[in-house]
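Respectively, the protein sequence lines represent chains A and B. According to the numbering used here, the first sequence is numbered sequentially starting from 248. According to the numbering used here, the second sequence is numbered sequentially starting from 26. Ideal placement from N, C-alpha and C gives every residue a C-beta, glycine not left out. Please read all numbers here as calculations on a predicted model, not as lab measurements.
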Amino acid sequence: MSESMEHNDLITRRAALGRVAFLLGGAISAPTLAGALDAATRRAWTAAPQDWAPRTLTGRQLELVAVMAEHIIPQTDTPGARAAGVHRFVDTLLSDHYPRPERDRFLAGLADVDARTRSRHGKAFVDCTAEQQVALLTELDEAAYPVASDAPRPPEAWFFHRMKELTLVGYYTSQIGATQELHPSPFGAYRGDIPYASVGRAWS
Amino acid sequence: MITYDAIVVGSGITGGWAAKELTEKGLRTLMIERGREVVHRKDYITEHKPSWELPLHDARLSVGTKGAEEYPIQARTGQFRESNRHFFIKDQKNPYIEDQPFTWIQGDQVGGKSLIWGRQVYRWSDLDFEANLRDGHGADWPIRYADIAPWYSYVERFIGVSGEKLGLPQLPDGEFQPPMEMNAGEKLVKAGVERAFPGRHVTIGRVAILTQPLNGRLPCHFCGPCERGCSTGSYFSTQASTLPAARATGKLTVLPNSVVHSVIYDAGKNRVTGVRVVDAETKQTREYQARIVFLCASTLGTTRLLLNSTSPRFPTGLANSSGALGHYLMDHHFLAGASGSIEGLLDHYYEGNRPNGIYIPRFCNLGDDASRRDYVRGFGYQGGASRQGWGRGGGERGFGVELKRKLHDPGTWSMGMTGFGECLPRADNYVELADKTDDFGIPLLKIHCTWGDNELAMRKDMAASAAEMLEAAGCKNVRTHDAYRGGGQLGAEPGFAIHEMGTARMGRDPKTSVLNGYNQSHDVPNLFVTDGACMASTACVNPSITYMALTARACDYAVAELKRGNL
Numbered sequence: 248m249s250e251s252m253e254h255n256d257l258i259t260r261r262a263a264l265g266r267v268a269f270l271l272g273g274a275i276s277a278p279t280l281a282g283a284l285d286a287a288t289r290r291a292w293t294a295a296p297q298d299w300a301p302r303t304l305t306g307r308q309l310e311l312v313a314v315m316a317e318h319i320i321p322q323t324d325t326p327g328a329r330a331a332g333v334h335r336f337v338d339t340l341l342s343d344h345y346p347r348p349e350r351d352r353f354l355a356g357l358a359d360v361d362a363r364t365r366s367r368h369g370k371a372f373v374d375c376t377a378e379q380q381v382a383l384l385t386e387l388d389e390a391a392y393p394v395a396s397d398a399p400r401p402p403e404a405w406f407f408h409r410m411k412e413l414t415l416v417g418y419y420t421s422q423i424g425a426t427q428e429l430h431p432s433p434f435g436a437y438r439g440d441i442p443y444a445s446v447g448r449a450w451s
Numbered sequence: 026m027i028t029y030d031a032i033v034v035g036s037g038i039t040g041g042w043a044a045k046e047l048t049e050k051g052l053r054t055l056m057i058e059r060g061r062e063v064v065h066r067k068d069y070i071t072e073h074k075p076s077w078e079l080p081l082h083d084a085r086l087s088v089g090t091k092g093a094e095e096y097p098i099q100a101r102t103g104q105f106r107e108s109n110r111h112f113f114i115k116d117q118k119n120p121y122i123e124d125q126p127f128t129w130i131q132g133d134q135v136g137g138k139s140l141i142w143g144r145q146v147y148r149w150s151d152l153d154f155e156a157n158l159r160d161g162h163g164a165d166w167p168i169r170y171a172d173i174a175p176w177y178s179y180v181e182r183f184i185g186v187s188g189e190k191l192g193l194p195q196l197p198d199g200e201f202q203p204p205m206e207m208n209a210g211e212k213l214v215k216a217g218v219e220r221a222f223p224g225r226h227v228t229i230g231r232v233a234i235l236t237q238p239l240n241g242r243l244p245c246h247f248c249g250p251c252e253r254g255c256s257t258g259s260y261f262s263t264q265a266s267t268l269p270a271a272r273a274t275g276k277l278t279v280l281p282n283s284v285v286h287s288v289i290y291d292a293g294k295n296r297v298t299g300v301r302v303v304d305a306e307t308k309q310t311r312e313y314q315a316r317i318v319f320l321c322a323s324t325l326g327t328t329r330l331l332l333n334s335t336s337p338r339f340p341t342g343l344a345n346s347s348g349a350l351g352h353y354l355m356d357h358h359f360l361a362g363a364s365g366s367i368e369g370l371l372d373h374y375y376e377g378n379r380p381n382g383i384y385i386p387r388f389c390n391l392g393d394d395a396s397r398r399d400y401v402r403g404f405g406y407q408g409g410a411s412r413q414g415w416g417r418g419g420g421e422r423g424f425g426v427e428l429k430r431k432l433h434d435p436g437t438w439s440m441g442m443t444g445f446g447e448c449l450p451r452a453d454n455y456v457e458l459a460d461k462t463d464d465f466g467i468p469l470l471k472i473h474c475t476w477g478d479n480e481l482a483m484r485k486d487m488a489a490s491a492a493e494m495l496e497a498a499g500c501k502n503v504r505t506h507d508a509y510r511g512g513g514q515l516g517a518e519p520g521f522a523i524h525e526m527g528t529a530r531m532g533r534d535p536k537t538s539v540l541n542g543y544n545q546s547h548d549v550p551n552l553f554v555t556d557g558a559c560m561a562s563t564a565c566v567n568p569s570i571t572y573m574a575l576t577a578r579a580c581d582y583a584v585a586e587l588k589r590g591n592l
């Protein structure tokens, strides 16, 4: 894909999101609506390299990860987790880094997410409305990060905690996250004490 | 068979120094390295690679994860990751036996661990050289600060050390390039600590990293991960510093992929005559001869080699008439300290990835009543302040646009410090050869090492004093930490500091030590050991510069002795 096509695609994406957000009165941030868009749009967003295919996740699992990741780090004025390829990063880690028990635990966590929406809404997570998706993720987030630090954590806490970490790592160490959303600290000199205003964002 | 003037076993920090010094003094020198060739610049395959060009985005490869399968020991250290895995030894092909947990971190390439070392360099003082004599633990060092001070200067001028002079007797100043800068958080803690505790100092780390050009090497450009290799030669490594100098003499031969099996000893002459080498690929055995042999194969590598070099004269290991060979294994104990948050300073930030932190020199047991503690010896702290990055999002509730907006800015400041404590020399911390051999026919090393009561008592102070200083400096949420778990569990067991020392100690008495004051074997005059194996105690500061100074000094002595016809 040429650079200009990517750029055009991005503009279209933003425009589409803006419209949906407007229709919903902006109560939910535009990027969290990724799941509400049609499958063709989602495929276009994935923008995977031509020869890439998941090695651990099924197509549906990959999409589930992509949708959840985009809810966690959505597109704003900079691209979100899906554009940064977080779902591909997750598949790579599961395939090439995770020991089998940990991989299986993560896959079980994905299955649990779908089981929850099926029992509640009769649909897989990715087929739910954005509001339904956000509602479940909010529950999982609250369980994973209890207000009282000594509160007992339910089994699903591990999964969402891990999912969030993977999303953050995958996003902020991606080219998009590290150079568009944040900036890498430049090579050259070390300056130990500079006004934050002169930088304006965290170093990636 | 080719005969050289000198053989140097090992090409790391001390092997590189021995090769440079011996060749510059005119000796035709063979440097033998068990690992593969690593060519400066060309073989720094991950240098400056952004995270997204590494398949796992530079994941830390911990024990049991895919990517660490061949490195079940190396993966224990936090330094081991996707971007530098290729500079660590493959444990499965190079096993050893742990009687109690001992994490043996090794390089396996030309340059050894000089490519991946921590680069912190601090001189010892007489507080350290006199310690064994003063409190009776270990054998008295055969040298004092005055013996080594000029050699520290000699080494510092060549490797390039940036740092701040403090004028402290317990941490002598050196030949420093301009220091790196502290950040706002560190300056705040420095001011608070020095106000609350007169006599204590918070200084920027003294590092073998250039802040000014030196011998064609460029000042640091603050890219961050030194251990991937440095094409500008800004930190000291064999490749950047000593190897080019040795090569420039035209007298150096480097022999990679060659595992030294044993040192050859001629009882008739009472001299070593060379080494037996196993080709790492073909497993064929070759021999090389030389007039003098320097062992710089790393602390335990060197001792394993000596233990495996037996003869009727030395049935328990070469140059081991004392029986001390293999004993008095030490490491610094660390991973005990404290951290806390700093309020405010939110309009302050920094730029550049400074590969260095702060240092707090030893302030206990300095010889006066006020600093006396209920344990002997002491510790220093290494640490630093920074603003939280995007990673903090994984530890807090919230997701979506708000999270992304929050992580766009850095978080609050935090400051942490961990002590590096001195370890006492004990005879019952030792290594021996096992019955089993490796692929090269060399018996495996079996390691017995634990912390003693003194180390464990010191650790309590390392954590408590760190918390006390952070609180005095106004930090909030101050928490102590101590990774030691005991009971044979991994956490802060010996080896983790990668400062393993001893097992062929220097000493005045040939009956209780292996080496004399010039790192020369008491038993065999043309045999020298100048790596960490020679150490008779550990002090509390990082050891590498002391190894370098001892090596340069030993080379000077050896060549003079050779010329006098004494070797």
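Nonlocal neighbours in the same chain, by C-beta distance under 6 Å from residue i, ignoring five residues either side
| i | result |
| --- | --- |
| A391 of chain A | A404, F407 and H408 |
| W292 of chain A | Its pLDDT being 42, under 50, W292 of chain A is placed unreliably in this model, and the value from its coordinates should be taken loosely. Excluding sequence neighbours, W292 of chain A sits near R329. |
| E386 of chain A | none |
| A313 of chain A | R329 and H334 |
| K138 of chain B | G37 and G132 |
| L454 of chain A | There is simply no residue 454 of chain A to check, as chain A begins at 248 and stops at 451 in what is shown. |
Residue-chain proximity (residue i, chain B), Cβ-Cβ < 9 Å
| i | result |
| --- | --- |
| L311 of chain A | no |
| E338 of chain A | Residue identity differs from the one stated: residue 338 of chain A is Asp in this sequence, not Glu. So, not an interface residue. |
| F434 of chain A | yes |
| L280 of chain A | Caution is warranted here: a pLDDT of 34 is assigned to L280 of chain A, below 50, making its placement in the model unreliable, and the coordinate value is therefore given only provisionally. Not an interface residue. |
| Q422 of chain A | yes |
| V381 of chain A | yes |
| V455 of chain A | Outside the shown range of chain A (248 to 451) lies residue 455 of chain A, about which nothing can therefore be said. |
| R448 of chain A | yes |
| V416 of chain A | yes |
| L429 of chain A | yes |
Beta-carbon proximity list for residue i, same chain, < 8 Å, skipping 5 on both sides
| i | result |
| --- | --- |
| D172 of chain B | G542 and R578 |
| R169 of chain B | D151, F154 and E155 |
Neighbour-count burial assignment, residue i, 16 or more Cβ in a 10 Å radius
| i | result |
| --- | --- |
| N502 of chain B | exposed |
| Q117 of chain B | exposed |
| K294 of chain B | exposed |
C-beta neighbour in chain A for residue i, strict 9 Å
| i | result |
| --- | --- |
| N502 of chain B | no |
| K429 of chain B | yes |
| G412 of chain B | A quick correction: the sequence has Arg, not Gly, at residue 412 of chain B. Yes, R412 of chain B lies at the interface with chain A (some Cβ there is under 9 Å from its Cβ). |
| E376 of chain B | yes |
| R379 of chain B | yes |
| A344 of chain B | no |
Interface partners of residue i on chain A, CB under 9 Å
| i | result |
| --- | --- |
| D68 of chain B | None at all; the shortest Cβ gap to chain A is about 21 Å. |
| L449 of chain B | Simply none; closest approach about 37 Å. |
| K212 of chain B | G439 and D440 |
Amino acids of chain B, ordered along the chain, whose beta-carbon sits closer than 8 Å to that of residue i
| i | result |
| --- | --- |
| P346 of chain A | G89, T90 and K91 |
| A444 of chain A | D372 |
Residue i: contacting residues in chain A (beta-carbon distance under 8 Å)
| i | result |
| --- | --- |
| E72 of chain B | None at all; the shortest Cβ gap to chain A is about 12 Å. |
Distance between residue j and residue i (C-alpha atoms, nearest Å)
| i | j | result |
| --- | --- | --- |
| L415 of chain A | T563 of chain B | 41 Å |
| F404 of chain B | G136 of chain B | 29 Å |
| L495 of chain B | G444 of chain B | 13 Å |
| P167 of chain B | Q237 of chain B | 36 Å |
| Q407 of chain B | G230 of chain B | 8 Å |
| G92 of chain B | T102 of chain B | 14 Å |
| S287 of chain B | P535 of chain B | 22 Å |
| T327 of chain B | A517 of chain B | 24 Å |
| H524 of chain B | N454 of chain B | 15 Å |
| G369 of chain B | V381 of chain A | 34 Å |
| V232 of chain B | D291 of chain B | 43 Å |
| R144 of chain B | P380 of chain B | 9 Å |
| R53 of chain B | R272 of chain B | 11 Å |
Proximal residues of chain B, C-beta to C-beta of residue i below 9 Å
| i | result |
| --- | --- |
| A425 of chain A | P75, S76 and W77 |
Beta-carbon neighbours of residue i, restricted to chain A and to distances below 7 Å
| i | result |
| --- | --- |
| F424 of chain B | H318, I319, L384, D388 and K411 |
| D434 of chain B | R448 and A449 |
| E421 of chain B | Y392 |
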